[in-house]
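Novice: Heads up, the sequence shown is in UniProt numbering, so the first residue is 1 and it goes up one at a time.
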Amino acid sequence: MLEENNLPSNLREEALTPLGDAGRLLANLLNRITVARRKLVIPTLNPNVRDVLAKTTATDLLFGSDISEQIKAAKSLHTTGKELRQTAVRSQTKGAFTTSKYKKPNEGASSKTSSLNRQGPVRSIGQPPDPKGDKSAASGQQ
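(1) Let me know the secondary structure DSSP gives K39 once reduced to three states.
(2) Compare the C-alpha of L30 against each of R50, S9, L62 and name the closest.
(3) Which residue wins for smallest C-alpha separation from V41, given the options R90, G81, L53?
(4) Taking the continuous alpha helix (DSSP H) assigned at L53, which residues delimit it?
(5) Compute the Euclidean distance between the alpha carbons of D60 and R37, then round it to the nearest angstrom.
(6) Suppose you measure from the CA of K39 to the CA of P18; what does that come to, to the nearest Å?
Put into structure tokens, the structure is as follows:
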């Protein structure tokens, strides 16, 4: 439609400028919508997958065309890392010194000694109980 042969040059310039601006506005709007959708989806994902997909760029799809390959790679990397950590922990605990065999200073202390202000003062032998806390004794004295 906008070929040089069909339209005069002044009309073509007048039509192309607004059409180009409209195209740029639509492209910017599409980019903003894509970024907003990614920001809404990424926090709901598994943390391992989240890190991988946050680094991808949007193409014709929201997270790129090779999303399935990236997710598979992230999962295999996570399972491999977990296996490596388990073997490292097993090899360290076989003959290594561990402090769990020995008590720490406050470990094993009874709960009574850990909180001394929990109970009231000790009553002396031979003295009657204090009537302040006992309502039946206080009402009998009146």
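Each residue gets a CB set at the ideal place from its N, CA and C atoms; glycine is no exception. In this text, all values refer to a predicted model and were calculated from it rather than measured experimentally.
Specialist: This is what the structure gives:
(1) When DSSP states are grouped into helix, strand and coil, K39 belongs to the helix group.
(2) L62
(3) L53
(4) 47-54
(5) 14 Å
(6) 32 Å
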